[in-house]
Amino acid sequence: MLVNSLSVSTDISKYLGFTMTIIASFGLAFQVPLFVNAFYFGSLIKKKLKAIEGFFDSNVLFWNGFNSS
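For the sequence shown, this note's numbering begins at 115 and goes up steadily by one.
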């Protein structure tokens with residue numbers, strides 16, 4: 115029977131490597147918008163992003179909505 119021939123084969127180093135890769139990838143992906151906004155409003159890349167300025171303006175309005183009292 116097939117079930118009797120199955121064995122659990124866990125390799126903790128492969129699991130930890132995979133887990134750390136996933137965590138680092140998602141962490142980096144979620145930090146990119148913060149860096150782009152910081153560079154844009156710090157006038158470091160404003161000239162390059164003039165074509166899509168509307169996105170950043172709406173993004174600021176979105177985030178400022180959370181800070182209104």
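Note that beta-carbon positions come from the ideal geometry of N, C-alpha and C, so glycine has one too.
No experiment lies behind these values; they were computed from the predicted model shown.
(message) Going by DSSP in three states, residue 133 sits in which element: helix, strand or coil?
(response) Assigned with DSSP and collapsed to three states, residue 133 falls in helix.
(request) Count the other C-beta atoms from every protein chain shown that fall within 10 angstroms of the C-beta of residue 154, then say buried if there are 16 or more, exposed otherwise. (result) Here residue 154 is buried. Its C-beta has 16 or more other C-beta atoms within 10 Å.
(message) Rounding to the nearest angstrom, what Cα-Cα distance links residue 156 and residue 135 in this structure?
(response) Approximately 31 Å between the Cα atoms of the pair.
(message) What does the alpha-carbon distance come out to for the pair residue 124 and residue 130?
(response) Going by the C-alpha atoms only, they are around 11 Å apart.
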